[in-house]
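K.L.:
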Amino acid sequence: MAGESVISEELNKLLNVEFGPEVYEIEKGMLKKFAEAIEDPNPRWLEEAPPTFPASLVPKELLNKLFNADIPLKRLLNGSSELEYFVPIKAGDVISVTAKLTRLRQVAGAEGPTLFMFTEMTYTNQRGEVAVKGKNTYIKY
Numbered sequence: 003m004a005g006e007s008v009i010s011e012e013l014n015k016l017l018n019v020e021f022g023p024e025v026y027e028i029e030k031g032m033l034k035k036f037a038e039a040i041e042d043p044n045p046r047w048l049e050e051a052p053p054t055f056p057a058s059l060v061p062k063e064l065l066n067k068l069f070n071a072d073i074p075l076k077r078l079l080n081g082s083s084e085l086e087y088f089v090p091i092k093a094g095d096v097i098s099v100t101a102k103l104t105r106l107r108q109v110a111g112a113e114g115p116t117l118f119m120f121t122e123m124t125y126t127n128q129r130g131e132v133a134v135k136g137k138n139t140y141i142k143y
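With our numbering as the guide, the letters of the sequence shown map in order to residues 3 to 143.
(1) Taking just the CA atoms, how far does Lys34 sit from Met119?
(2) Which one of Glu63, Leu79 and Ser58 has the shortest CA to CA distance from Phe36?
(3) Going by C-alpha distance, which of Val99, Val8, Tyr143 and Val89 is nearest Glu27?
(4) From the DSSP output, in three-state form, read off Ser10 for me.
(5) Give the single residue among Ala101, Lys92 and Thr121 whose Cα lies nearest to the Cα of Glu29.
(6) For Thr104, which option in Glu6, Phe88 and Lys15 has the closest C-alpha, if you only look at C-alpha atoms?
(7) Using 8 Å for Cβ pairs, my map puts Lys102 next to Val19. What's the rounded Cβ distance?
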């Protein structure tokens, strides 16, 4: 596989295609479970989403296409997540999430090719306000 591209035509066709919106009704129970999962007992998180919460709201269609694409690499990890906040996400909000694959980059790794997949997401509330913008890097190797 040395020198071969692992970026398939199928994957290239996903570049800059907008996925979503996927809509999430933010409930107190959802926030409570997330706070428990990150082991943060701050009562504030019963009304307002913790800072890392938006990363759990990703359009499933994009993830399915990225992770089920015909790529001969089996291992996957989250390389990075960046979140920029504009307004808080609170219990009772209805959040619409859109996402797109913005860039693909292949490099030669110690064990063969490594593929970096860069995504951007926008989280908009029911008032049309952008609450959060996010960037993720997924790595397959």
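We put the beta carbon where it would ideally sit given N, CA and C, even for glycine.
Every value quoted in this text rests on a predicted model; they were computed, and no experiment measured them.
P.N.:
Here's the rundown:
(1) What you label residue 119 is simply residue 117 of the sequence shown in a count that begins at 1. What you label residue 34 is simply residue 32 of the sequence shown in a count that begins at 1. Met119 and Lys34: Cα-Cα distance of roughly 31 Å.
(2) In the sequence shown, the residue the question calls residue 36 occupies position 34. Nearest C-alpha to Phe36 among Glu63, Leu79 and Ser58: Ser58.
(3) For the purposes of this step, residue 27 is identified with residue 25 of the sequence shown, where counting begins at 1. Distance from the Cα of Glu27 is smallest, within the candidate group Val99, Val8, Tyr143 and Val89, for Val99.
(4) Mapped onto the sequence shown, residue 10 falls at position 8. Note: Ser10 maps to coil in three-state DSSP.
(5) Taking the first residue of the sequence shown as position 1, residue 29 is located at position 27. With distances taken between Cα atoms, Glu29 lies closest to Lys92.
(6) In the sequence shown, the residue the question calls residue 104 occupies position 102. For the options Glu6, Phe88 and Lys15, the alpha carbon positioned closest to that of Thr104 is the one of Lys15.
(7) Here residue 102 corresponds to residue number 100 of the sequence shown, with the count starting at 1. Here residue 19 corresponds to residue number 17 of the sequence shown, with the count starting at 1. About 6 Å; that satisfies the 8 Å criterion.
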